[in-house]
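Report on the structure given below.
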Amino acid sequence: MSFKDGRASVSGQIRGYDFVDYVFSAGASESIEVEMKTANTATYFNLLAPGEKETSFFTGSTSGMRFAGPAPASGDYTARVYMMRSAARRGERAAYRLTVVLGGKSATNEKGPDFADGLTGGPDFWEVAGVAAGDALNLRDAPSSQAKVVARFGNGAALRNHGCKNVQGQRWCRVEAAGNARQAGWANGHYLRESAGPAGDPAATACLAALNKLAKRADSSVVSISSAKTGTTVTMNLPGAEKPWRCRYQRGKIVELTYLGEG
């Protein structure tokens, strides 16, 4: 859906057993208002929370043609327009207009409840996910796709969450690279998934310290952590390097620190 000033409207038509899904992003506790108008009394919409494919937290056929309330979690929501089976069997058609309004206090106030602080249920860490192969998520200096890019992260990168807000219908999250507060900015929330993060992981702590010492700088960051019976592998990013670094940690010691590019 295309939003302007936190509002989007779309017109459509369904017939019989057809249904249409409209996806939009919202931050936890952000206000959501969804309303549908149609002349067909057997046509409704349901609201599905992030990650849900079938189960709705709002069912239009029993709750009416309007929902207003806080988003239960951060992520991509689905408004599903459908027709009741009795009308669908008859092959009825229904034209409709669906309106979604995002915003309210939590969408415009960075200190509002959509900002994670350990009390509102927001995750402490995000993981980059859903980025196309060979591409990376841009970290920007402002919550806008036109803002300056300050860093880039591939799938699996761990980012500390400093809160999200809705900007013209898009969810933007203020983040920093795990283990590197210098790499901070805004990322598109569409590519962020809740993560346990590397906080307190001894392998990540040791590997970051080793890479920073080797490079004689203090701005490396963790991209991903994977554990196996043979030990833990930490992949790290060093700004300016074309490829990441790999660190293997076994029994309390670093056994490998390798640059995965040339040179």
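When the letters of the sequence shown are read in order and numbered with our numbering, they come out as residues 1040 to 1302. We put the beta carbon where it would ideally sit given N, CA and C, even for glycine.
Cβ distance (whole Å) where Y1083 is taken to contact A1168 below 8 Å: If you number the sequence shown from 1, residue 1083 lands on position 44. If you number the sequence shown from 1, residue 1168 lands on position 129. Contact flag wrong, Cβ pair sits at about 32 Å.
Short check: CB of A1273 to CB of C1246, under 7 Å? Counting from 1 along the sequence shown, the entry for residue 1273 is found at position 234. Counting from 1 along the sequence shown, the entry for residue 1246 is found at position 207. As written in the sequence, residue 1273 is Val, which differs from the Ala given in the question. Yes, Cβ-Cβ distance for V1273 and C1246 is below 7 Å.
DSSP on G1055, reduced to helix/strand/coil? In the sequence shown, counting from the first residue as 1, residue 1055 sits at position 16. Coil.
Return helix, strand or coil for R1124, following the three-state DSSP convention. Residue mapping note: residue 1124 aligns to position 85 of the sequence shown, counting from 1. In this structure, R1124 counts as helix in the three-state DSSP scheme.
Between the stretch 1095-1111 and the stretch 1124-1134, do at least 3 Cβ pairs fall closer than 8 Å? Contact between the stretch 1095-1111 and the stretch 1124-1134 is absent, because fewer than three Cβ pairs lie under 8 Å.
Check for me: the alpha helix (DSSP H) holding N1200 runs from which residue to which? Your numbering for residue 1200 matches position 161 in the sequence shown. N1200: not part of any alpha helix (DSSP H); member of the beta strand (DSSP E) spanning 1197-1206, first to last residue.
From the DSSP output, read off the bridge partner residues of Q1289. Position 250 of the sequence shown, counted from the first residue, corresponds to residue 1289. Per DSSP, K1292.
Rounded straight-line distance, which links the Cα of A1172 to that of E1233: As a position in the sequence shown, residue 1233 is number 194, starting the count at 1. As a position in the sequence shown, residue 1172 is number 133, starting the count at 1. Their backbone Cα atoms lie some 20 Å apart in a straight line.
With 16 other Cβ atoms within 10 Å as the buried cut-off, status of L1137: On the sequence shown, position 98 is the one that residue 1137 refers to. When all chains shown are included, L1137 counts as buried.
Contacting residues, own chain, Cβ-Cβ under 6 Å from T1147 (five flanking each side not counted): Translated into positions along the sequence shown, residue 1147 becomes position 108. Per-residue confidence for T1147 stands at a pLDDT of 34, beneath the threshold of 50, marking its modelled position as unreliable; no derived number is given.
Of all the beta strand (DSSP E) runs that stay within the bounds of the stretch 1228-1272, which reach a length of 3 or more residues? 1231-1234, 1260-1267
Could you spell out the range, first to last residue, of the beta strand (DSSP E) harbouring G1142? Locating residue 1142 in the sequence shown gives position 103, where the first residue counts as 1. Start and end: 1132-1142.
From the DSSP output, in three-state form, read off T1094 for me. Here the question's residue 1094 lines up with position 55 in the sequence shown. Here T1094 sits in coil by DSSP.
So, at 8 Å on beta carbons, what are the nonlocal neighbours of A1280 in its own chain, with the 5 sequence-adjacent residues on each side left out? As a working mapping, residue 1280 is identified with position 241 in the sequence shown. Correct list, in chain order: Y1298, G1300.
Answer yes or no: do A1190 and Q1222 have a C-beta to C-beta separation smaller than 7 Å? Position 151 of the sequence shown, counted from the start, is the residue given in the question as residue 1190. Position 183 of the sequence shown, counted from the start, is the residue given in the question as residue 1222. It is a contact, given that the beta carbons lie within the stated cut-off.
Please return the same chain residues whose Cβ sits closer than 7 Å to the Cβ of E1091, not counting the five positions on each side in sequence. The residue you call residue 1091 lines up with position 52 of the sequence shown. Closer than 7 Å at the Cβ level, and outside the excluded window around E1091, lies no residue.
Quick one, are the C-beta atoms of L1141 and A1065 less than 7 Å apart? As a working mapping, residue 1141 is identified with position 102 in the sequence shown. As a working mapping, residue 1065 is identified with position 26 in the sequence shown. For L1141 and A1065, yes; Cβs fall inside 7 Å.
For T1080, three-class secondary structure by DSSP: Taking the sequence shown and counting its residues from 1, one reaches residue 1080 at position 41. Three-state DSSP puts T1080 in coil, outside helix and strand.
Would you report the Cα separation of V1062 and A1186, rounded to the nearest angstrom? As a first step, residue 1062 is located in the sequence shown; it is residue number 23 there, counting from the start. As a first step, residue 1186 is located in the sequence shown; it is residue number 147 there, counting from the start. Spanning the two alpha carbons is a distance of roughly 24 Å.
Taking just the CA atoms, how far does W1211 sit from D1044? Here residue 1044 refers to the residue found at position 5 of the sequence shown. Here residue 1211 refers to the residue found at position 172 of the sequence shown. Near 15 Å, if we compare the C-alpha coordinates of W1211 and D1044.
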